[in-house]
Structures are given as C-alpha cells and as structure tokens.
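Chains Z and D supply the protein sequences, listed in that same order. The opening position of the first sequence corresponds to residue 698 in my numbering, with each subsequent residue numbered one higher. The opening position of the second sequence corresponds to residue 698 in my numbering, with each subsequent residue numbered one higher. Reviewing the structure listed below.
2 protein chains.
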Amino acid sequence: MSTKLKILETALKLFNENNSQTATTNHIAKAMGISPGNLHYHYKNREEIIFKLYLQLRDEMSLSIDELPKNIKELNQHEKLLVKVQWKYRFFFRELLFLFSRDRALEKQYIKDNLAHRGRIKLVIKNLTTSNELEIPNEASLEYLVDSILMSWQFYTSHMYTLGHTLNENLSEAVIANTTNAMKPFIKDK
Amino acid sequence: MSTKLKILETALKLFNENNSQTATTNHIAKAMGISPGNLHYHYKNREEIIFKLYLQLRDEMSLSIDELPKNIKELNQHEKLLVKVQWKYRFFFRELLFLFSRDRALEKQYIKDNLAHRGRIKLVIKNLTTSNELEIPNEASLEYLVDSILMSWQFYTSHMYTLGHTLNENLSEAVIANTTNAMKPFIKDK
Numbered sequence: 698m699s700t701k702l703k704i705l706e707t708a709l710k711l712f713n714e715n716n717s718q719t720a721t722t723n724h725i726a727k728a729m730g731i732s733p734g735n736l737h738y739h740y741k742n743r744e745e746i747i748f749k750l751y752l753q754l755r756d757e758m759s760l761s762i763d764e765l766p767k768n769i770k771e772l773n774q775h776e777k778l779l780v781k782v783q784w785k786y787r788f789f790f791r792e793l794l795f796l797f798s799r800d801r802a803l804e805k806q807y808i809k810d811n812l813a814h815r816g817r818i819k820l821v822i823k824n825l826t827t828s829n830e831l832e833i834p835n836e837a838s839l840e841y842l843v844d845s846i847l848m849s850w851q852f853y854t855s856h857m858y859t860l861g862h863t864l865n866e867n868l869s870e871a872v873i874a875n876t877t878n879a880m881k882p883f884i885k886d887k
Numbered sequence: 698m699s700t701k702l703k704i705l706e707t708a709l710k711l712f713n714e715n716n717s718q719t720a721t722t723n724h725i726a727k728a729m730g731i732s733p734g735n736l737h738y739h740y741k742n743r744e745e746i747i748f749k750l751y752l753q754l755r756d757e758m759s760l761s762i763d764e765l766p767k768n769i770k771e772l773n774q775h776e777k778l779l780v781k782v783q784w785k786y787r788f789f790f791r792e793l794l795f796l797f798s799r800d801r802a803l804e805k806q807y808i809k810d811n812l813a814h815r816g817r818i819k820l821v822i823k824n825l826t827t828s829n830e831l832e833i834p835n836e837a838s839l840e841y842l843v844d845s846i847l848m849s850w851q852f853y854t855s856h857m858y859t860l861g862h863t864l865n866e867n868l869s870e871a872v873i874a875n876t877t878n879a880m881k882p883f884i885k886d887k
C-alpha cells in the first residue's frame, strides 16, 4: 500500500476510535512511524484527509442509475452494503454537521452529492410502485417516504446511539427494519 | 445578569455562530471583556460550560407528566416550543455525537434523559389513542412511531441541512409537518 493510502487508512482508524479532532496530523504520522513532514508532503492538513476519506466513502456506496434496486429484495441487499460503508466511516456520520462547520468545501460537496442520492432514492421508490410492491397515494407521501429513508440512512444509527444502544457492525438489521417500517403503510397486499 | 450566567450566554452565542471547538474559554472571556482567570473561577473548562448549557436546554424543553399533550392540537403547540429551544441551542444538536466523544459524562446524562423523553412521547401517543385520534394496530407500529417522532426532533433539522436548506428560527413548520406525516397512517377518520 502506498504511503498516501496508508495515511488515509490510519487516519480513519484513529478518527473512528474517538473523533476527528483529538487525532492531529502529528498523531497520524506517529502512529505510522513516519515524519510529520512526510505526511504533509501527501496532505496539506487534516481537512484534506477528511475530504479524501469522504470521496472514498461516496465511491464505495454509490450505484449508477442502471444498477438501482428494482424491488424490495434488491433494496434490502443494497442497504446491507450501505450500512457496511457507514460503519467503516462511522466517525464521518457521527460528526457530520460539525465537520461541515470546519470545512465549507466538504459541506458543499456533501450537499450536492446528497441531493443526487435523494434523487436516486426517489427513482427506487418509483421502481417499487412500477413493480406493484408499493402504492403511494400522492406526491406529498412520496416526498415524506423518500426523506424518511434518507434520514434513516444518515441518522438512524446516531439516533440508536442516543438511546444507549451499543453500535457495531451488525447494524444492518436495525436500519433495514426502520426503512421497512417507513414503507409498511404503502406496501400492497399486506 | 451574574458573570456566571453571562459566561453561558456568551459561550452559547459563540458556539452557535461556528462550533464549540473554535471558541476556547479564552475566546469566551475575551468576548465578555473579563480575564481567563475570572472565567475559570466559575467554570473549570469548556466541557463544564457545555454540560451546564445542556442542563439549561433540558429544563427549558421538559414537561412534567401531568402537563403532557392530550390531543394532536396540544402536541403541535408543544412542538413549537421544542423547536424554539432546539434553535436556541442549535450547536448542541449539530454536534451531538461529537460532544459525547469529548465528554462521556454528558453522553451518559443525555442518554438517561433521552430514554425518559422517549417514555413521555410514548405516553403522549397512548393519550392520542385514548382520545380516539390515532389507531395503532400493534406494539411494533407504536415503537416505530415513537422512534420516528423522537428522531425527527433530534435529527430532522440536521437532515434538512444536509439537503442544502438554510436553517432559521421558523423551522417549527417543517419539524411539525414531519411529525404529522409520521402519524398520518395512524390517524382515524382521515
């Protein structure tokens, strides 16, 4: 693995263990046994490392339009992948709005990507009405359902944390159950 | 206003403007025109200030059991108050899980209070079934609805922010609309 990639991997580990602010670039360099100068040859500062980690996470979770789930079974499969990516980059979702306040370029990029992500969720839900698995009475219900699914993906694990649940790799069940519950009132032939 | 309270007010203003980490206790003292020593006479460190601000916010939003909303109209009224408190202490909700990673005593207290808060929401929903406004088919639906309402209160404004909405004092409409949408499938005589 190149030093450039190894820095990202080490930073991710340290950020996940506690938070992104207690692990300085000096800590990251020390944990790898390289000099701070060597680290700074690859990355200007911690914000650049976090931005690169975000781009990695985005690439790992994104599907192209023609790969989108076409039925609830495929959707659940895809959600399992999403939850794994979320767990891998868990510091990012824990600190989301705080990280935005530290780096407005990250905020701008995330919001742009998130709007596209929301658009893809809407397409998936429309696929599920086409395949006759869901019946959505009106546009307002559609918008609400899309937001519920996106909010679940972004914040449901944080929500569980605020209720004292210990988070671990096997979160997929709970997140998928939450999404299923959101869709339940719209499932045909219950 | 006492210096002790004025410190809290100044810290809250600075935290809301950007985040809780860029405003050090030295910045807070400087903004008030007092010495760092004077500030530290009242509060040991920034964590103590944040903890006190959390206790304030908790007291401002809490209702005793006999004041809980008994119908949807009263619930909407109460939500208007909750959203105002949330806006006043907005840095806190933006940084929630990050703040926990900085102060495990805060995390412990918040989770304890949040579980009690969840219990009160459940009581309110049960009131709404008693008053015949809602019909909840089973325990699983009840738990899901209670979580949806609590998650909405904790994270819906953050969710809106991740979609590029500018947050302001008039958030109540959107948060109340989200809660109403969550209850919609269970409202009787739609």
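For glycine and all other residues, C-beta sits at the position ideal for the given N, C-alpha and C.
Minimum Cβ-Cβ distance from residue i to chain D less than 7 Å
i: residue 755/Z; result: no
i: residue 715/Z; result: yes
i: residue 878/Z; result: yes
i: residue 834/Z; result: no
i: residue 841/Z; result: yes
i: residue 759/Z; result: no
i: residue 882/Z; result: yes
i: residue 801/Z; result: no
i: residue 811/Z; result: yes
i: residue 798/Z; result: yes
Supposed contact pair residue j and residue i - C-beta distance, whole angstroms, cut 8 Å
i: residue 830/D; j: residue 769/D; result: 5 Å
i: residue 723/D; j: residue 765/D; result: Between residue 765/D and residue 723/D the Cβ distance is about 43 Å, and since that is not below 8 Å, they are no contact.
i: residue 751/Z; j: residue 803/Z; result: 6 Å
i: residue 807/D; j: residue 859/Z; result: 7 Å
i: residue 767/D; j: residue 828/D; result: 6 Å
i: residue 779/D; j: residue 821/D; result: The Cβ separation is near 12 Å, so there is no contact.
i: residue 725/D; j: residue 736/D; result: 6 Å
i: residue 848/Z; j: residue 853/D; result: 7 Å
i: residue 874/Z; j: residue 857/Z; result: Their Cβ separation, rounded to whole angstroms, is 11 Å, which puts residue 874/Z and residue 857/Z out of contact at 8 Å.
i: residue 717/Z; j: residue 788/Z; result: 6 Å
i: residue 812/D; j: residue 861/Z; result: 7 Å
i: residue 903/D; j: residue 790/D; result: Because chain D spans 698 through 887 in this model, residue 903/D falls outside it and cannot be assessed.
C-alpha distance - residue i paired with residue j, whole-angstrom precision
i: residue 815/D; j: residue 740/Z; result: 44 Å
i: residue 869/D; j: residue 755/Z; result: 31 Å
i: residue 795/Z; j: residue 826/Z; result: 37 Å
i: residue 819/Z; j: residue 834/D; result: 28 Å
i: residue 855/Z; j: residue 704/D; result: 30 Å
i: residue 711/D; j: residue 841/D; result: 37 Å
i: residue 731/D; j: residue 709/Z; result: 40 Å
i: residue 713/Z; j: residue 886/D; result: 48 Å
i: residue 837/D; j: residue 706/D; result: 42 Å
i: residue 728/D; j: residue 786/D; result: 19 Å
i: residue 745/Z; j: residue 799/Z; result: 11 Å
i: residue 761/D; j: residue 844/D; result: 20 Å
i: residue 774/D; j: residue 851/D; result: 17 Å
i: residue 749/D; j: residue 784/D; result: 17 Å
i: residue 805/Z; j: residue 721/D; result: 26 Å
i: residue 758/Z; j: residue 781/Z; result: 9 Å
i: residue 817/D; j: residue 863/Z; result: 23 Å
i: residue 809/Z; j: residue 793/Z; result: 14 Å
i: residue 753/D; j: residue 801/Z; result: 30 Å
i: residue 734/D; j: residue 742/D; result: 11 Å
i: residue 763/D; j: residue 715/Z; result: 40 Å
i: residue 700/D; j: residue 719/D; result: 22 Å
i: residue 738/D; j: residue 698/D; result: 17 Å
i: residue 846/Z; j: residue 846/D; result: 14 Å
7 Å Cβ cutoff, residue i in contact with chain Z
i: residue 808/D; result: yes
i: residue 794/D; result: yes
i: residue 869/D; result: no
i: residue 698/D; result: no
i: residue 787/D; result: no
i: residue 791/D; result: yes
Distance cut-off 6 Å: residue i Cβ against heavy atoms of the ligand MN
i: residue 810/Z; result: With respect to the ligand MN, the structure offers nothing, as it holds no ligand at all.
Margin query: I'd like the ranges of any alpha helix (DSSP H) spanning at least 4 consecutive residues and lying wholly in the region 755–809 of chain Z.
Written below: 769–785, 787–791 and 793–799
Next item on the list: Taking only beta carbons into account, state which residues of the region 718–741 of chain D come closer than 7 Å to chain Z, listed in chain order.
Entry: 718
Next item on the list: Kindly provide the ranges of any alpha helix (DSSP H) runs that are 4 or more residues long and lie completely inside the region 803–878 of chain D, ordered along the chain.
Entry: 836–858
Notebook entry, point to check: Residues in the region 850–862 of chain D with C-beta within 8 Å of chain Z's C-beta atoms, listed in sequence order?
Noted result: 851, 852, 853, 855, 856, 858, 859, 860 and 861
Notebook entry, point to check: Hey, which unbroken runs of the alpha helix (DSSP H) at 4 residues or more fall wholly within the region 712–752 of chain Z?
Noted result: 722–729 and 733–739
Item checked: Members of the region 814–825 of chain D that neighbour chain Z once the beta carbon cut-off is set at 7 Å -> 815
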